[in-house]
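When you line the sequence shown up against the UniProt record's numbering, it's residues 1 to 692, in that order.
The structure appears below as structure tokens.
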Amino acid sequence: MEVIRPDVACNDNRTDFIANPFDYTLFQRRWQEIQQCKQRFLYNNEDPRTFSCLSPEVAASWLRSRENNIDPFTTKIGHNVPKDKLDAILEENSLLISTTKTLINAFKHLLKISGYILSLHSANGTILYLEGDANEISYFKSINAVVGAIWNEETSGTLAHGLSMILKCPVQLMGPENYCIALEDNISSAAPIMDEKCDLIGTLVLVQALGERPWEKDLKNLQSHTLGWVASLAVAIENHLKLKEKNHRLLVMNNTMETILACIDTGIIAVDCENKIIKVNQEAALILNPNGGKVEGRYIKDFVDDRVMQVLTSQKPVNYLEATIRNCKKERHCVFSIQFIPGQLEKRIEGAIIRVNLSEKINNLVNVRTGAVAKYHFDDIIGNSACLKHAKDLARKFADAGENILLIGESGTGKELFAQAIHNQYRPEGPFVALNCSAIPRNLIESELFGYEGGTFTGAERNGRPGKIELAHKGTLFLDEIGDMPIETQATLLRVLEDKRVMRLGGRKYIPVDFRVIAATNKNLYQMVQENQFRLDLYFRLAVLKLEIPPLCQRREDIMLLCQHFIEYYCKKTGHVLPTITPAARKIILEYEWPGNVRQLENAMIYAVNMSQDGLIDVQHLPNEVVRGTTLKSTGICSIAGVTSLEEAEKIVIQNAMASTGNNIPQAAKLLGLGKSTLYRKLKQYKLDCST
Ligand SMILES: Nc1ncnc2c1ncn2[C@@H]1O[C@H](COP(=O)(O)OP(=O)(O)OP(=O)(O)O)[C@@H](O)[C@H]1O
């Protein structure tokens, strides 16, 4: 037996096997010796391990074959796979078969004319494929060497490929070394085929059929290097399979990457070291060329401005860079992040990955995250009074006109509510960005409104920030308390409104903007113009359409509707039981002036729900200022102030409180904000009868 033992299992260098020069005399002697030993083993039952001409592996295999009851004289070697299972086995091994066929193709002709047969076996020894001399194949058929026959040591006794499967190395057997007599007239060289994990996936056998006395006739053909050849072929098959497996894995990886890229809604651009675009995802393709033209293969400089090119040239990564993308003669503002791909050699850069987002998209995200969305619609504006209905009708008309609007009304009348409803009718998809000019320090209004570039002033964000105007692009900018806007800011705002473009503080580039202004004020803006506190030109720009929101005192019929609305809304939100308003409380609510308008009414109802008892909102559950205000008003005390003494006024107020609570001293005391004992003392002092 010849064996090529791998130094290291699965070492790809097995092919460096060097065959010994073939000595025919030696060969003949060995052949005959082995033949004699075989007979002593078969007929005299001698132990083959004592035969010096036999390798220990073959001797052990012969013994195992006998233990497995293999008939050495059989002419039908091995078992056959059931017919209905054969297709599945061939399918399972199709890659191995096709790879072997591809590699064998070049030698096929040689095999056919030189009397060789090549057989491919699966991991359990099943014959998968046979190729070679037609005569030999037909002899092979007669001893059951057909596709689907299971030939391994357990089914067929000692065989070259059976041993190579066990030893996991190439093995060559000389005729009589095979256990079955029917296989004695050949020399077979077998090599295992392993996968990447060194698991056996098949064996390859090259068989040369010989005559009865091969050293006389066939020795000329006998090739001593067949074992080396078959071993090399097996390695070639292994490598081919590994390559195919790697290719398959690469393909899967590539498809996975493509899918990941397609799922990312940020533009991803990969450029090579010459800044040529090598790969883009769908989002980047859309940003670079919305018309759908090919961008891969083009240079990135055709699309981006100098700022991006400077970063690419400097090879210093950046996480945030605002720059523009040009396409179809249009400029689009974008936010970039650029990272470089290191090469294998130190300091060599192979290319870069550019992440890009349209600023517009980021702004929308910011707006959604910061709550810059309008939630109210016209249906959310409660009220049936004629004046409110009129204001709503007018607002609906104004909404569609698309012009700037000035909302005039006292604090808390619902100006922002109207602004949101107008926005939602006109540009529901766009952002609704609000800025309260009185709530921001005067020196910060400009940066809030126009934004700033990085490094413009101390304390500013490093990368700069877009202003409310930029954020309101394609939407509405709601400027509350516009009367409080500093006069110098008014001039800049006017320019933005006229030019429809904005320049950030410290910036050098104009950014085109498209937004509608809805301004609101509770001041007399026109009078401010006359007093030079507000710019006339800006006033006319903003007050293209003017809308007055009536105060609550002018629409008393809406009061109870609003009360009910706020109580229901609050109870639903907090899980309170819905209370009922008593007639006494209702009277107070209706008579009160509500200087804080709807906002004050809303707060009063929240207070009342929290104070309510036994499912009722009574007088004592209303805020003190509401009760006191109503009581004073209903006594007419405001109008007679100055003509009556303090004691007189106090007496009237107490009388009134007693009357409105049905002479309930604890309630009246609470209503008046007095302790019970104080109220008793005062009742006594003014000789008021608490029993009636
Ligand atoms: N007609 C209405 N229907 C329902 N809720 C209203 C109505 N009017 C005002 N509100 C509510 O009253 C509160 C104050 O409204 P809003 O903020 O719109 O008033 P405003 O006039 O803008 O106030 P300010 O001038 O103080 O900013 C909000 O909670 C709003 O929802």
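Don't be surprised by glycine CBs; every beta carbon is placed ideally from N, CA and C.
Each of Thr100, Ala134, Gly115 was checked against the Cα of Ser122, and the nearest Cα belongs to Thr100. Runs of the alpha helix (DSSP H) lying entirely within the segment 274-305, each at least 4 residues long, are 282-288 in chain order. The residue among Glu593, Gly451, Asn463 with its C-alpha nearest the C-alpha of Ile511 is Gly451.
Taking 6 Å as the cut-off, the C-beta of Ile349 does not count as close to any heavy atom of ligand 1. The residue among Ser114, Ile113, Trp151 with its C-alpha nearest the C-alpha of Tyr129 is Trp151. If the five residues before and after Ala391 are omitted, its C-beta is found closer than 8 Å to the C-beta atoms of Phe418, Leu547, Glu548, Ile549, Pro550, all from its own chain and listed in chain order. Contact between the segment 614-624 and the segment 647-654 is absent: fewer than 3 CB-CB pairs across the two stretches fall below 8 Å.
It is roughly 26 Å from the alpha-carbon of Lys246 to the alpha-carbon of Glu296.
In this chain, the alpha helix (DSSP H) harbouring Gln667 covers 665-672. Partner residues in the beta bridge of Ala520, as assigned by DSSP, are Leu407. Residue state for Glu136 is assigned as helix, using DSSP reduced to three classes. The DSSP-derived three-state label of Tyr510 is strand. Judged by pairs of C-beta atoms under 8 Å, the segment 94-108 does not touch the segment 178-186, as fewer than three such pairs exist.
Leaving aside the five residues that flank Leu679 on each side, the residues in its chain whose CB is nearer than 8 Å to its CB run, in chain order, Ile654, Ile665, Ala668, Ala669, Leu672. Counted as a single uninterrupted DSSP element, the alpha helix (DSSP H) harbouring Tyr526 occupies residues 525-530. In the structure shown, Cys53 falls within a coil segment according to DSSP collapsed to helix, strand and coil.
In the three-state reduction of the DSSP assignment, Lys101 falls in the helix class. For Gln685, the uninterrupted alpha helix (DSSP H) run begins and ends at 676-685, by DSSP. The alpha-carbon separation between Arg628 and His377 amounts to approximately 35 Å. Inclusion of Thr75 and Ala182 in the CB contact set at 7 Å is warranted, their separation being smaller than that value. With fewer than 16 other Cβ atoms inside 10 Å of its own Cβ, Ile113 counts as exposed. Around the beta carbon of Met658, a 10 Å sphere encloses 16 or more other beta carbons of the protein chains shown; the residue is thus reported as buried. DSSP places Glu416 in the helix class (H, G or I) of the three-state scheme. In this structure, Leu417 has its CB closer than 6 Å to one or more heavy atoms of ligand 1. The beta-carbon separation of Thr413 and Asn597, rounded to 5 Å, stays under the 8 Å limit for a contact. Closest in alpha carbon position to Phe41, among Arg64, Arg29, Phe27, Gln28, is Arg64. Note: Leu26 is not bridge-paired with any residue in the DSSP secondary-structure output. Annotation for Ala262: Asn281, Gln282 place their beta carbon closer than 7 Å to its own, counting only its chain and skipping 5 residues before and after.
Of the heavy atoms belonging to ligand 1, at least one sits nearer than 6 Å to the Cβ of Gly383.
The alpha carbon of Asp380 has as its nearest neighbour, out of Asn68, Leu561, Asn522, Asn254, the alpha carbon of Leu561.
Contact between Cys334 and Asn357 is confirmed by a C-beta separation of about 6 Å, below the 8 Å threshold. A direct Cα-Cα distance of roughly 8 Å separates Asp537 from Leu494. Judged by their CB atoms, Leu542 and Trp594 are not nearer to each other than the 7 Å cut-off. In the structure shown, Leu493 falls within a helical segment according to DSSP collapsed to helix, strand and coil. Listed as beta-bridge partners of Pro431 by DSSP are no residues whatsoever.
Of the residues assessed, Glu429 falls on the exposed side of the cut-off, its CB having fewer than 16 other CB atoms within 10 angstroms.
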